[in-house]
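Presented below is the structure to which this report refers.
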Amino acid sequence: MSHNLNIASIRGDFPILNEVVNGKQLVYFDNAATTQKPRLVLDALAGYYEHYNANIHRGIHHLAEKATSAFEQSRKRLQAFLNAAHSEEIIFTYGTTDGINLVASSYGRKFLKEGDEVIISTMEHHSNIVPWQMLCEEKGCILKVIPINDQGELLMDEYEKLLTEKTKFVSMVHVSNALGTINPIKEIIAKAHAVGAKVLIDGAQASSHIEIDVQDLDCDFYSLSLHKIYGPTGMGILYGKRDLLNAMPPYRGGGEMIKEVTFAKTTYNELPYKFEAGTPNIADVVAAKFALDYVDALGKANIAAYENELLAYATGAVKEIEGLRIIGQAKEKVSVLSFVIDGIHHQDIGVLLDQQGIAVRTGHHCTQPLMNRFNITGTSRASFAVYNTIEEIDKLVQGLHKVKRMLR
Ligand SMILES: Cc1ncc(COP(=O)(O)O)c(C=O)c1O
């Protein structure tokens, strides 16, 4: 599939790409950790603070009304982005981690009981492991883990064997941050529903690469972070089916999430406010809309086509490097290239590439159990976004040759 993107013009939208690092023009390949922000997102943030900074929902003055309206427009924009049926199914959170904790705490505490089983996979980020471990410890539930093959793909037969009438929840990553694997979540969701389990999808890595239609997927919950979709840090959303969210108790108590408070009893607000206690991250929510507008203007299919070109080129190029092994070779992948090089520590690779102005991530990528599965302590990971180029990948390959020369 081809794309019709003007990459030079796209690069011009991202001021940070002009930074000079260690005397070299920045090559930013740490996009799976966080993407850079286009000018219109930066302008939206400044515009909010310069022209209509006010607390939302409770004010009746002009600025408060303008801020509230922009905040709620973002909710509608996110509803459209995920094709959710109702805007109140979009809960603003601090990010993917916060959304998963919300579900594990609220849904998990209310609906799971001793002996119930929760299924996750070997390739989960710690943020989709630890909240479930905490819940299982508290409630006496059992955590089961779907194994993967050496390419980094889920063993679907093993998943089916784990599913029983005891399975009450499946929490699964859509796209692995450490491997790039795209999981067959529609099938995973349907199979979980067949035994009566609910499903949360961790969409942190998927949302900038793949079209997401929560109604078509039929997932019960979908959690994501805007900072991975060219938007601001510190905010994300949790999508949840309305009847489930209505049945769940609040996650945090405080202002905004209440209907009426007396010392004897408090009644709670309706959705989505029941889950949005306290002053939210207004500026970032407002700016998030502009990030989504930016992505949609480019077109996710175009972005994915271009990123796949980058991934194919980089995969071919690094294979020429002796002693380099790619970790994560799934048939269905996004533009994440994780690798190890025989005899060279991943941290040394990261430091020496940084000296050449190239930013990659090294370490366990918050997936220690996955690293154990591959018998490694970490990888170096280059992850590509729409503003990256073939020339930058050539610099990475040259950089890796240099690292090898220096350390051998
Ligand atoms: C797959 C996956 N899940 C969850 C997270 C956590 O996202 P956040 O730190 O924005 O809450 C990340 C972040 O890297 C991720 O890659």
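Sequential numbering of the sequence shown, starting at 84, is according to the numbering used here.
Yeah, the Cβ is synthetic: ideal placement off N, Cα and C, and Gly gets one too.
Values in this document were obtained by computation on a predicted structure and should not be read as measured data.
| Asked | Found |
| --- | --- |
| So what's phenylalanine 304 in DSSP terms, helix, strand or just coil? | strand |
| Applying the 10 Å Cβ sphere with the 16-neighbour rule, what's the burial state of leucine 483? | buried |
| Taking isoleucine 268 as the reference, which of Ile295, Ala261 and Lys159 has the closest Cα? | Ile295 |
| By Cβ distance, which residues of its chain are closer than 7 Å to asparagine 507, with the 5 residues on each side in sequence left out? | For the chain, the structure presents residues 84 to 491; residue 507 sits outside this window and is missing. |
| Once DSSP output is grouped into helix, strand and coil, what is the label at tyrosine 313? | coil |
| For ligand 1, any of its heavy atoms closer than 7 Å to the Cβ of asparagine 502? | Residue 502 is absent from the structure shown; the chain starts at 84 and stops at 491. |
| Under a Cβ-count criterion, where at least 16 other Cβ atoms within 10 Å of its own Cβ denotes burial, should serine 157 be classed as buried or exposed? | buried |
| Any heavy atom of ligand 1 closer than 7 Å to the beta-carbon of cysteine 302? | no |
| Does the Cβ-Cβ distance between lysine 110 and glycine 440 come in under 8 Å? | According to the sequence shown, residue 110 is valine rather than lysine. Against a cut-off of 8 Å, the Cβ pair of glycine 440 and valine 110 comes out as a contact. |
| Quick check: what's the CA-CA separation for lysine 227 versus lysine 249? | 11 Å |
| Cα separation between histidine 276 and glutamate 392? | 36 Å |
| Does the Cβ of threonine 349 have 16 or more other Cβ atoms within 10 Å, making it buried, or fewer, making it exposed? | exposed |
| Please list the terminal residues of the continuous alpha helix (DSSP H) segment that includes glycine 319. | Looking at the DSSP string, glycine 319 is not in any alpha helix (DSSP H); the run it does join, the beta strand (DSSP E), is 319 to 323. |
| Can you check whether the CB of alanine 395 is closer than 8 Å to the CB of serine 85? | no |
| Going by DSSP, name the residue or residues bridged to aspartate 285. | Val256 and Ser306 |
| Since tyrosine 351 sits in a beta bridge, which residues does DSSP pair it with? | Ile341 |
| Is any heavy atom in ligand 1 found nearer than 7 Å to the beta carbon of serine 210? | yes |
| My guess is that isoleucine 432 and threonine 445 are in contact by the Cβ rule of under 8 Å, so how many angstroms apart are they, rounded? | 6 Å |
| Looking at ligand 1, does it come within less than 7 Å of serine 308, judged from the CB to the closest heavy atom? | yes |
| In whole angstroms, what is the alpha-carbon distance linking isoleucine 365 and threonine 316? | 12 Å |
| To the nearest angstrom, how far is the alpha carbon of aspartate 437 from that of serine 291? | 25 Å |
| Tell me, which residues are paired with phenylalanine 422 by DSSP? | Ile409 and Ser463 |
| From which residue to which residue does the alpha helix (DSSP H) around arginine 141 run? | From DSSP, arginine 141 is part of no alpha helix (DSSP H); its letter is neither H nor E. |
| Does the distance from the CB of leucine 420 to the CB of methionine 206 come in under 8 Å? | no |
| Looking only at its chain, what residues have a beta carbon closer than 6 Å to the beta carbon of leucine 407, apart from the 5 residues adjacent to it on each side? | Val401, Phe422 and Ile424 |
| Using alpha carbons as the reference points, say which of Arg141, His140, Leu123 and Leu146 lies closest to histidine 134. | Leu146 |
| With DSSP as the reference, please indicate the residues paired to serine 204 in a beta bridge. | Ile229 |
| Just curious, the beta strand (DSSP E) that isoleucine 268 is in, first and last residue? | Unbroken run through isoleucine 268 is the alpha helix (DSSP H), 268 to 277; no beta strand (DSSP E). |
| Going straight from the alpha carbon of threonine 176 to that of phenylalanine 304, what length do you get? | 13 Å |
| By the three-class DSSP mapping on this structure, what secondary structure does tyrosine 470 have? | coil |
| Could you check where the alpha helix (DSSP H) with phenylalanine 175 kicks off and where it finishes? | Where phenylalanine 175 is concerned, there is no enclosing alpha helix (DSSP H), although the beta strand (DSSP E) it sits in stretches over 173 to 176. |
| Please confirm whether glycine 461 has its beta-carbon closer than 8 Å to some beta-carbon of chain B. | Absence of chain B from the displayed structure is noted, only one protein chain being present. |
| If valine 186 sits next to alanine 370, beta carbons under 8 Å apart, how far is it from one beta carbon to the other, in whole angstroms? | Incorrect: roughly 25 Å between the Cβ atoms, too far for contact. |
| With DSSP collapsed to three states, give me the class of glycine 235. | coil |
| Assign glycine 399 to one of two classes, buried (16 or more other C-beta atoms within 10 Å of its C-beta) or exposed (fewer than that). | exposed |
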